[in-house]
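Residue numbers (our numbering), protein chains in the order written: chain V, 35 to 399; chain X, 35 to 399.
C-beta atoms are modelled at their ideal positions from N, C-alpha and C, and glycine is treated no differently.
What follows is a set of notes on a single structure, which appears directly below.
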């Protein structure tokens with residue numbers, strides 16, 4: 035099963051169907067900022083680009099790719115004139131394109147830093163896919179570059195804009211399960227083609243943890259609203275398998291939070307799951323799937339037997355809401371709820387997870 | 035929620051209803067061995083004793099208790115003559131009672147060793163509740179005592195006789211999910227009364243791990259069919275809470291098995307869960323609840339979307355099947371599938387879990 039097949043289960047029809055009327059922040063000016071999409075892979079072209087249609091404050095105005103055919107195909111499909119199509123060599127000329135407000139970096143992880151820095155230098159705000167970079171040091175450099183340029187930086191943590199996840203966070207904050215005591219979350223898929231960039235350390239920065247396990251980590255952080263203070267980890271990788279010559283397969287990790295909340299997080303390239311359960315003395319909330327492109331499902335046991343639960347509807351799907359959030363932050367001078375600092379926090383924990391697994395000890399943060 | 039309320043969810047009517055005709059091992063002699071129940075608490079009197087009714091090779095013939103009223107009440111209820119009722123002081127006289135073949139020890143954990151030794155010395159076979167004892171050393175002593183007496187020793191791992199668990203093991207062994215890569219399992223309940231014996235270390239040997247987390251550990255072992263080679267653990271206990279003066283609340287642990295299979299196991303006294311999911315490259319199997327007295331439910335994703343699954347029916351409920359298994363082993367000269375060695379293996383890992391948490395390092399086994 036490919037990552038796209040797994041995360042995309044049920045992505046077909048109806049993504050935008052049933053979306054309630056869009057609701058703007060009250061003071062947000064009634065205009066759309068222009069996005070350049072940098073990197074025209076599957077996620078950019080099949081998942082993100084179609085979702086500008088539901089955006090209120092965002093529009094697709096430019097494309098950046100190393101593949102001329104892709105620029106032509108998607109340029110024609112989305113009505114992007116040749117003047118707004120860039121190669122990686124010509125990308126820096128985007129500084130002269132006033133239609134572009136934001137560059138959305140959707141490249142392999144190892145290239146996030148350089149393109150973020152180049153975009154900031156060109157005076158553009160930046161949306162960058164997760165993981166933000168392949169090291170905490172790179173994250174810090176990206177934050178500094180955007181700060182120096184006076185531009186905003188947001189990381190593509192789309193689940194923060196997804197209805198079931200929003201509902202889970204709200205229930206927890208409202209005390210529905212009492213204090214969070216235990217989170218169990220697993221993210222993984224069976225990875226295929228051994229030649230893909232995800233399995234090349236220079237491009238990916240790591241294996242399942244960088245790619246899919248980061249969802250377990252990020253969920254544990256947003257569900258508790260806390261930063262972990264201690265990390266354990268255990269890796270299981272068959273290095274004789276051609277897929278895992280350079281990066282890890284399974285790396286499971288445990289987190290301890292200041293309140294006493296705990297998390298057990300799974301990350302795998304040889305198992306298919308996408309779930310979390312958050313438990314406290316008064317009950318639990320479960321999402322399964324939890325962070326997929328579509329099809330989230332929630333059960334909760336809140337003082338009674340477990341029962342399915344429908345979250346409060348959100349005005350926009352997670353992708354459109356994510357795109358618009360950065361636009362709205364720019365238009366109103368606010369900070370994104372998932373800024374570069376958020377990406378850095380994940381990378382700091384990720385580095386601790388790798389260290390804990392390597393050294394066989396609890397790493398304090 | 036009390037432990038009994040949680041594990042017993044739905045225990046009410048129908049436990050024996052719909053049970054298929056009992057099916058004996060082909061060579062098992064057609065008679066019933068006599069059990070003495072030692073310790074007349076909730077589990078013994080409400081869960082175990084009523085289940086002799088469905089047994090084929092086991093009958094209740096004697097009672098042992100420190101409380102005269104209980105001996106009278108349950109003696110009358112089950113037609114046990116006064117000659118077959120023992121106090122802890124008179125218990126050793128059971129050596130002279132030929133009606134008693136087996137003593138089933140259902141006391142607080144800290145008393146398992148002494149009563150097992152006394153039963154063996156009286157020439158009786160022993161069924162002992164889990165955890166087998168409060169230390170691996172005690173387990174070894176118990177094994178030695180029964181061996182010396184030429185008597186069998188079995189530990190009350192009832193889930194091994196439960197239909198959904200049997201089905202999960204079979205599916206895994208048949209390769210339905212491919213090699214086991216990841217197990218996620220959580221067992222816990224919100225413990226109440228701070229004065230109960232479970233929260234007194236001398237009687238319990240430890241907190242949630244000894245009481246309920248052992249289900250997570252044992253499941254990880256029977257689902258993989260392997261013994262762990264490395265253990266990580268992380269504890270979270272509010273020692274200022276009157277319930278947790280002596281024993282731990284949450285202790286989560288990670289296991290690594292020789293095949294590369296991994297397990298993340300939760301154990302808690304401040305959260306309610308009872309579940310496991312076993313995942314491999316070809317699919318997953320989930321039980322939720324997994325190890326309750328009643329009401330197990332199974333879902334599986336085996337090359338398709340997740341779907342509920344009904345296991346093959348078992349001839350007897352888990353309690354009657356467990357009782358009969360020891361009788362049948364005695365009658366036919368076989369070793370129980372969950373002998374004293376099985377209990378010892380859990381205790382060795384439990385000691386490693388406590389050590390890993392205390393020392394903040396991976397403990398190799």
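If the cut is a Cβ gap below 7 Å, which residues of chain V does residue 284 (chain X) touch?
215, 216, 296
On the three-pair Cβ rule with 8 Å, is the region 204-219 of chain V touching the region 184-196 of chain V?
no
Thinking C-beta only, is residue 265 (chain V) closer than 8 Å to residue 288 (chain V)?
Their beta carbons are under 8 Å apart, which means residue 288 (chain V) touches residue 265 (chain V) by this criterion.
Is residue 216 (chain V) buried or exposed, if buried means 16 or more other CB atoms sit within 10 Å of its CB?
buried
Find out if the Cβ-Cβ distance for the pair residue 284 (chain V), residue 304 (chain V) is shorter than 8 Å.
yes
May I have a chain-ordered list of the alpha helix (DSSP H) segments no shorter than 4 residues that lie completely inside the region 130-204 of chain X?
146-155, 170-183
So which residues of chain X does residue 313 (chain V) contact, with C-beta pairs closer than 8 Å?
220, 222, 302, 305, 306, 307
Residue ranges of each alpha helix (DSSP H) run of no fewer than 4 residues wholly in the region 238-318 of chain X, ordered along the chain?
248-258
So, using beta-carbon positions, are residue 73 (chain X) and residue 141 (chain X) closer together than 8 Å?
yes
Evaluate the contact criterion for the region 172-183 of chain X versus the region 388-397 of chain X: three or more CB pairs, one atom per stretch, below 8 Å.
no
Between which two residues does the alpha helix (DSSP H) containing residue 222 (chain X) stretch?
Looking at the DSSP string, residue 222 (chain X) is not in any alpha helix (DSSP H); the run it does join, the beta strand (DSSP E), is 216-222.
Neighbour flag for residue 202 (chain X) against chain V, beta carbons, 8 Å:
no
How far does the beta strand (DSSP E) with residue 4 (chain X) in it reach, from first residue to last?
Nothing can be reported for residue 4 (chain X), as the shown portion of chain X is limited to 35 through 399.
Span of the alpha helix (DSSP H), counted from its first residue to its last, around residue 68 (chain V):
Residue 68 (chain V) -> not in any alpha helix (DSSP H); beta strand (DSSP E) instead, spanning 67-72.
Please report the straight-line C-alpha distance between residue 220 (chain V) and residue 309 (chain X), rounded to a whole angstrom.
In a straight line, the C-alpha of residue 220 (chain V) is about 14 Å away from that of residue 309 (chain X).
Determine, for residue 396 (chain V), whether the minimum Cβ-Cβ distance to residues of chain X falls below 8 Å.
yes
List, in order along the chain, the chain V residues whose C-beta lies closer than 7 Å to that of residue 266 (chain X)?
266, 268, 288
Look at residue 333 (chain X) and residue 346 (chain X) and say whether their C-beta atoms are less than 8 Å apart.
no
Suppose you measure from the CA of residue 322 (chain X) to the CA of residue 321 (chain V); what does that come to, to the nearest Å?
Rounded to whole angstroms, the separation of the alpha carbons of residue 321 (chain V) and residue 322 (chain X) is 14 Å.
Per the DSSP calculation, residue 333 (chain X) is bridged to which residue(s)?
X:320, X:342
Looking at the structure shown, is residue 80 (chain X) part of a helix, part of a strand, or coil, going by DSSP?
helix
Cα-Cα separation between residue 99 (chain X) and residue 292 (chain X), rounded to whole angstroms
Residue 99 (chain X) and residue 292 (chain X) have their C-alpha atoms roughly 44 Å apart.
Cβ atoms of residue 301 (chain X) and residue 242 (chain X): under 8 Å apart, would you say?
yes
Strictly under 8 Å for the Cβ-Cβ distance: is residue 272 (chain X) near chain V by that measure?
yes
Where residue 123 (chain V) falls, given that 16 or more other Cβ within 10 Å makes a residue buried:
By the 10 Å Cβ count, residue 123 (chain V) comes out exposed.
Which residue marks the beginning of the alpha helix (DSSP H) containing residue 386 (chain V), and which one marks its end?
DSSP places residue 386 (chain V) inside the alpha helix (DSSP H), whose first and last residues are 374-393.
Just the C-alpha distance for residue 176 (chain X) and residue 154 (chain X), rounded to the nearest angstrom, thanks.
9 Å
Does the CB of residue 231 (chain V) have a neighbour CB from chain X at under 8 Å?
No Cβ of chain X is located within less than 8 Å of the beta carbon of residue 231 (chain V).
According to DSSP, is residue 106 (chain V) part of a helix, a strand, or is it coil?
helix
For the alpha helix (DSSP H) that contains residue 371 (chain V), what are its first and last residues?
Careful: residue 371 (chain V) lies outside any alpha helix (DSSP H) and carries neither H nor E.
Exposed or buried, which one is residue 263 (chain X) when buried takes at least 16 other CB atoms within 10 Å?
exposed
Taking C-alpha atoms, which residue in X:326, X:163, X:223 lies nearest to residue 372 (chain X)?
X:163
Looking only at DSSP bridge pairs, what is residue 119 (chain X) linked to?
X:97
Taking residue 121 (chain X) as the reference, give the member of X:318, X:144, X:71 with the closest Cα.
Nearest of X:318, X:144, X:71 to residue 121 (chain X), Cα basis: X:71.
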